[in-house]
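Taking it in order: structure first as structure tokens, then the write-up.
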Amino acid sequence: VAYSKKDGRPVNKTVAQALSRMDELVSQIPESSMQSSSAVDKVFIQVMGPEQLERVRTYGFGPSPSDVFGLKKSEEMQAMQSQLDG
Numbered sequence: 015v016a017y018s019k020k021d022g023r024p025v026n027k028t029v030a031q032a033l034s035r036m037d038e039l040v041s042q043i044p045e046s047s048m049q050s051s052s053a054v055d056k057v058f059i060q061v062m063g064p065e066q067l068e069r070v071r072t073y074g075f076g077p078s079p080s081d082v083f084g085l086k087k088s089e090e091m092q093a094m095q096s097q098l099d100g
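Reading the sequence shown from the start, the letters are residues 15 to 100 in my numbering.
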């Protein structure tokens with residue numbers, strides 16, 4: 015995990031509190047619901063907050079979604095078409 019030291023300890027108090035809160039909430043999820051990633055995703059959102067517009071959660075203010083995940087297929091097709099036309 016990027017927010018832990020090599021020995022597994024959280025890098026700071028804020029991270030430790032967030033991880034502790036996530037563990038607490040995950041422990042309250044029924045075992046049958048743990049099969050679904052959406053239950054764990056909801057816990058993450060509850061602790062870390064909702065996504066910010068045009069930002070990728072946990073990446074800070076630098077990269078945008080297209081920087082991290084690449085262009086959408088339609089944008090790729092438009093770029094290819096522009097290359098063919100130009």
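Note that beta-carbon positions come from the ideal geometry of N, C-alpha and C, so glycine has one too. Nothing here was measured: the structure is a model prediction, and the numbers come from that model.
Chain-order list of residues whose beta-carbon lies under 8 Å from that of residue i (same chain, five-residue window excluded)
i, result
"Ser47", "Ala53"
"Ser18", "Pro24, Val25 and Val29"
"Gln97", "none"
"Arg35", "Val61"
Cut-off 7 Å between Cβ atoms - residues of its own chain near residue i, not counting five sequence neighbours on either side
i, result
"Val40", "Val54 and Val57"
Limits of the unbroken alpha helix (DSSP H) element including residue i
i, result
"Glu38", "Lys27 to Ser41"
"Asp81", "Pro79 to Phe83"
"Val61", "Ser51 to Met62"
"Ser88", "Lys87 to Asp99"
Supposed close pair residue i, residue j - CB separation, criterion 8 Å
i, j, result
"Pro64", "Val70", "In fact, because the Cβ distance is near 13 Å, the residues do not count as touching under 8 Å."
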